[in-house]
Amino acid sequence: MNAGPSSHADVYLAEAEDLLADMEAGLLDLEGNPRDADQINRVFRALHTIKGSGAVFGFTQVADFTHHVESAFQRARDGEIPVSPGLLEVTLAALDHIRDLLDGKEDRAREKSLLARLATHVPQGGAASSRPDKKAKPPRPEPESPRHWRIRLKLGPQVMAFGTNCLRLLDELRALGDAVIIALPEGIPPLEHMDPVACYMEWDIILTTEQPRSAIEDVFMFVAEDATIGIEPIAYEKDDSKRLGEILVERGDIDLDNLMGALRQQRPVGELLVQAGQVSPEKIVSALVEQSKAREEPKTPMGVDAGHGSLRVQAERLDSLMDQVGELVIAQARLRQLVADSEDLNLRAVAEEIERLSSDLRETTMGIRMVPIGTLFGRFRRVVRDVSRSLGKTVELTMDGEDSELDKTVIERLNDPLVHLVRNCIDHGLETTEERVREGKPEAGRVHLSAAHSGAQVLISITDDGRGMNRSAIRAKAEERGLLAPDAQIPDGDLLAFVFHPGFSTAREVSAVSGRGVGMDVVKRTIDALRGTIEIGSTPGEGTTITLKLPLTLAIIDGLLVRVGKGLYVLPLSTVEECVELSDDARKDQRGCDFLNIRGALVPFLRLRERFKVSTPPDPFQKVVVVSSGTSRVGLVVDQVVGQHQTVIKSLGKLMADVREFSGATILGDGTVALIMDVPRLIEMGQTGADDRRLQSGVDDRHLIAGETR
Amino acid sequence: MGKTILTVDDSASIRQMVAFTLESAGYSVTTAVDGKDALAKLGSGTADMIITDLNMPNMDGLQLITEVRKLPAHKFSPIVFLTTESEESKKAQAKAAGASGWIVKPFQQEQLLAVVKKFLG
Chain A
1 MNAGPSSHAD
11 VYLAEAEDLL
21 ADMEAGLLDL
31 EGNPRDADQI
41 NRVFRALHTI
51 KGSGAVFGFT
61 QVADFTHHVE
71 SAFQRARDGE
81 IPVSPGLLEV
91 TLAALDHIRD
101 LLDGKEDRAR
111 EKSLLARLAT
121 HVPQGGAASS
131 RPDKKAKPPR
141 PEPESPRHWR
151 IRLKLGPQVM
161 AFGTNCLRLL
171 DELRALGDAV
181 IIALPEGIPP
191 LEHMDPVACY
201 MEWDIILTTE
211 QPRSAIEDVF
221 MFVAEDATIG
231 IEPIAYEKDD
241 SKRLGEILVE
251 RGDIDLDNLM
261 GALRQQRPVG
271 ELLVQAGQVS
281 PEKIVSALVE
291 QSKAREEPKT
301 PMGVDAGHGS
311 LRVQAERLDS
321 LMDQVGELVI
331 AQARLRQLVA
341 DSEDLNLRAV
351 AEEIERLSSD
361 LRETTMGIRM
371 VPIGTLFGRF
381 RRVVRDVSRS
391 LGKTVELTMD
401 GEDSELDKTV
411 IERLNDPLVH
421 LVRNCIDHGL
431 ETTEERVREG
441 KPEAGRVHLS
451 AAHSGAQVLI
461 SITDDGRGMN
471 RSAIRAKAEE
481 RGLLAPDAQI
491 PDGDLLAFVF
501 HPGFSTAREV
511 SAVSGRGVGM
521 DVVKRTIDAL
531 RGTIEIGSTP
541 GEGTTITLKL
551 PLTLAIIDGL
561 LVRVGKGLYV
571 LPLSTVEECV
581 ELSDDARKDQ
591 RGCDFLNIRG
601 ALVPFLRLRE
611 RFKVSTPPDP
621 FQKVVVVSSG
631 TSRVGLVVDQ
641 VVGQHQTVIK
651 SLGKLMADVR
661 EFSGATILGD
671 GTVALIMDVP
681 RLIEMGQTGA
691 DDRRLQSGVD
701 DRHLIAGETR
Chain B
1 MGKTILTVDD
11 SASIRQMVAF
21 TLESAGYSVT
31 TAVDGKDALA
41 KLGSGTADMI
51 ITDLNMPNMD
61 GLQLITEVRK
71 LPAHKFSPIV
81 FLTTESEESK
91 KAQAKAAGAS
101 GWIVKPFQQE
111 QLLAVVKKFL
121 G
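Heads up: the sequence lines are chains A and B, in that order.
Under the working numbering, the first residue of the first sequence carries the number 1, and numbering increases by one thereafter.
Under the working numbering, the first residue of the second sequence carries the number 1, and numbering increases by one thereafter.
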């Protein structure tokens, strides 16, 4: 018996008993009317289920024997053989035999004779030919050394309409190993001929995997018949032979400059073919990927990192490298600006080359600073062990996404907040062992750390399966501290966010580990400083998830350049939601109602001209940039939206540590300095400003009404 | 997680086994005893995936697949049917009707889960 707990088998036995009774009734009815199709069907279905379920639940002998009887009835159902009295006779006897088999009584001799009798009623060539497949799944072959495969995938047009998600198939391939997937959109017809639910896309996949071919074929098991799928191994070729040019240079027949000059005139064959319209650019890309894979030395599982040793470098050197690259990017931007007006083609060519090089260099340098987050997660084993010991709780720590990479500085600064969050989880989130048992939860509490990339950000989440956050306690505390009006309706997320207020703790007792009301506000501040966001989700009784969203790097951001008065400022692009024009009404209304109506939602806005005390005349059309952080949004009124700008962040000096509005500065292409706005802070200001005004305007309104009635 | 799977089979033991396997893996499971029942259940609730037997009274699996594909909400839902080795022609019919995949009986719990994972992830 191989399937599940014995209760399944019990259900099967009871069910088989019912089915046999049903079948018996059917057979007896058939004796009176052998052509009754409904009854033939009834008998067939009963046999079919007894066989099918029997095999599933491990009654193989029952399944094997029933299979023969079922086959006979299938042919009767299909009208190939008549339901003769003889057949009914044998079937009834077979029924008794099945019943005995189910009871655990075996009788090989009777089985043999029954099968022989059955065969006399069924012409040869049918029944016995298709036996149920008894062979167990072949054991998974040992992983082979990785190989490269070329897979060309053209799915049937109706594959999506039949419930298959093509992207999931590609994901399955990715799960097998290292896959480079190139989409070939040639097959997509013009819009007017396109069936929106049909699949026109083709894919070339260059897969490097240790799995055997069958694993690749398994991915396509359900779509293979309607699809054209080519799976071919790519031969590894070692490219040692010297090129003609290299030999000529070596012999001294030409010098390197001659060679490079000649090579520049030569155009790649791919480019020529594309231009001639003989092949699509995507197919060239695909072939190039294959070429580069084929030249890669196939790694042996033993020495994966052979020859790829790592080098320890002092962190300061890395920081200064990053600084210098930042300067280079700025200098390059200036160069680009100068060259834009130049007629000198050679100069422009050099400038473009430098632009490409510096952007490559920047990528590489950032890559060097990336550290897998596993190094940080690793420390939590110890934290969890120590904290759970001291609290007398059993905690199981799991993690995934340890490979996700993050800037070294971000990782370093994440340590303290994460330690705090994990401690909180164990101390407040998880119940005591007794409570858990009472609630019917597993004794060991679970804490899960996970990290994943999402665009230019990393999501880190800490999940526990504890009691969840106590909303009424948070509310009571918030009301007690005057943060929330009694009975005020606020969104759940906002309510939970109260725990980030300084000195806010709902823990009834202070433990050695946490609960002193310091912490969550510090966590929030650290995350803000890293230009990240923090969100809480919590289900009572089921647990809490805290999600941190962090930028991959601190050194360079994509920014939106805006102008207020004469000054230029940068807003991190990741915080910008949209830009709208400030309507006339809102502009003239200086009385205080600084709210915008954006598609029905009220968004408070800050007039940066006022805040920065700008004296130049305002632009005639003021713009509002709506920025967000977490769930709050605020509009910032600026004179002009200049455009997107790659921003290298320079920190403000110590003298300016108390500047609240700005988180840093950057140098623009023309050498001017632009300040980078600290969006979470500005939102805080905008929101508190809005609250104040809401109170004030309430007062104003009363005066107004009083004035009118007077 | 939290995906719902509708399993349709006239055999109570198969229904129980499928439900047990899938629920242990964290899916929600609703069951129906035949095609008619399944259509009614789809009308009143949701399902992210359907696993159906082919041989059933009242409305068999083939008809069920055809009907489900007519429902706008399930135009692209994965539908997997249970079949035996001896039903090659049935298999072709079911695929033509719009089935997404199949599981050959007898199957092991891991096989069932592997197929479900293929479609729901």
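For each residue, glycine too, the CB sits at the ideal point set by N, CA and C.
Treat the numbers as computed from the prediction; the structure is a model and nothing was measured.
Contact residues within the segment 43–59 of chain A, judged by C-beta distance below 7 Å to chain B: Considering only beta carbons, the part of the segment 43–59 of chain A lying closer than 7 Å to chain B consists of Arg45, His48, Thr49, Gly52, Ser53, Ala55, Val56, Phe57, in chain order.
Under 7 Å by beta carbon: chain A residues contacting alanine 94(B): Those do not exist, as alanine 94(B) stays about 10 Å from chain A at its closest Cβ, beyond 7 Å.
Touch test, the segment 633–652 of chain A against the segment 282–297 of chain A, Cβ-Cβ under 8 Å, three pairs minimum: Output reads no: the segment 282–297 of chain A does not touch the segment 633–652 of chain A.
The segment 441–461 of chain A contacting the segment 426–433 of chain A, beta-carbon criterion three pairs below 8 Å: yes
Neighbourhood of leucine 114(A) by C-beta, 7 Å cutoff - its chain only, sequence neighbours within 5 removed: Val90, Ala93, Ala94, His97
Nearest residue (CA-CA) to leucine 328(A), options Ser358(A), Gln337(A), Leu347(A), Glu353(A): Ser358(A)
Contact set between tyrosine 12(A) and chain B, taken where Cβ atoms lie within less than 7 Å: By Cβ distance, chain B contributes Ser13.
Beta-bridge partners of tyrosine 150(A), as assigned by DSSP: Contrary to the premise, residue 150(A) reads as arginine rather than tyrosine in this sequence. Answer is Ile206(A), Glu232(A), bridged to arginine 150(A).
Contact list for the segment 148–175 of chain A against chain B, Cβ threshold 9 Å: Gln158, Val159, Met160, Ala161, Phe162, Gly163, Thr164, Asn165, Arg168, Leu169, Asp171, Glu172
Host alpha helix (DSSP H) of phenylalanine 44(A) (start-end): 37–56
Chain A contact residues for alanine 19(B), given Cβ-Cβ distances below 7 Å: Correct list: empty, because the minimum Cβ distance to chain A is about 10 Å.
Proximal residues to serine 286(A) (C-beta, below 8 Å), its chain only, five neighbours per side dropped: Ile182, Leu184, Asp204, Ile206
Neighbour list for glutamate 80(A) in chain B, Cβ cutoff strictly below 7 Å: Result: empty, since nearest Cβ-Cβ is about 13 Å, beyond 7 Å.
Beta-carbon contacts of leucine 166(A) that lie in its chain and below 8 Å, excluding the five residues immediately before and after: Per the sequence shown, the amino acid found at residue 166(A) is cysteine instead of leucine. Only Leu155, Val159, Met160, Cys199, Met201 meet the Cβ criterion.
Simplified DSSP assignment, three categories, for arginine 174(A): helix
Straight-line gap, leucine 244(A) to isoleucine 254(A) (C-alpha atoms, nearest Å): Distance between the alpha carbons of leucine 244(A) and isoleucine 254(A): 11 Å.
Coil, strand or helix - arginine 611(A) by DSSP: helix
For alanine 19(B), the three-state DSSP class (helix, strand or coil): Looking at alanine 19(B) - three-state DSSP - the assignment turns out to be helix.
C-alpha distance - isoleucine 81(A) paired with alanine 32(B), whole-angstrom precision: 33 Å
Backbone secondary structure at valine 223(A) - three-state DSSP: Of the three classes helix, strand and coil, the one that applies to valine 223(A) here is coil, per DSSP.
Beta-carbon contacts of lysine 137(A) that lie in its chain and below 6 Å, excluding the five residues immediately before and after: For lysine 137(A), the predicted structure reports a pLDDT of 44, less than 50, and the residue's modelled location is therefore unreliable. The matter cannot be settled from this model.
Under the three-state DSSP convention, the category lysine 654(A) falls into: Helix.
Below-9 Å beta-carbon distance, serine 538(A) vs any chain B residue: no
Nearest-angstrom Cβ-Cβ length linking valine 56(A) and isoleucine 103(B), presumed shorter than 8 Å: Actually they do not touch by this definition, with Cβ atoms about 10 Å apart.
Extent of the continuous beta strand (DSSP E) run through alanine 665(A): 662–667
Option nearest proline 157(A) by Cα separation, candidates Glu172(A), Met194(A), Ala175(A), Ile151(A): Met194(A)
Residues that DSSP places opposite serine 454(A) in a beta bridge: Note: serine 454(A) sits in a beta bridge opposite Gln457(A).
8 Å Cβ cut-off: residues of chain A touching aspartate 196(B): The question about residue 196(B) has no answer, for chain B in this structure spans 1 to 121.
6 Å Cβ shell around phenylalanine 380(A) - same chain, five flanking residues per side excluded: Cβ within range, chain order: Val422.
Leucine 597(A): first and last residue of the uninterrupted beta strand (DSSP E) it sits in: It is worth fixing the name first, because residue 597(A) is asparagine in this sequence and not leucine. Judged by DSSP secondary structure, asparagine 597(A) falls within the beta strand (DSSP E) whose first and last residues are 595–598.
Straight-line Cα distance separating glutamine 314(A) from histidine 645(A): 31 Å
Cβ of serine 310(A) within 9 Å of any chain B Cβ: Proximity of serine 310(A) to chain B, defined by a Cβ-Cβ separation below 9 Å, is not satisfied.
Whole-angstrom distance between leucine 338(A) and phenylalanine 498(A), CA atom to CA atom: Rounded to the nearest whole angstrom, the CA to CA distance from phenylalanine 498(A) to leucine 338(A) is 51 Å.
Nearest-angstrom beta carbon gap, methionine 23(A) and alanine 46(A) [assumed within contact, 8 Å]: 4 Å
Closest by C-alpha distance to arginine 213(A), when choosing among Pro190(A), His148(A), Asp171(A): For the residues Pro190(A), His148(A), Asp171(A), the minimum Cα distance to arginine 213(A) belongs to His148(A).
Residue(s) in a DSSP beta bridge with isoleucine 761(A): This structure does not reach residue 761(A), given that chain A is present from 1 up to 710, and the question cannot be answered.
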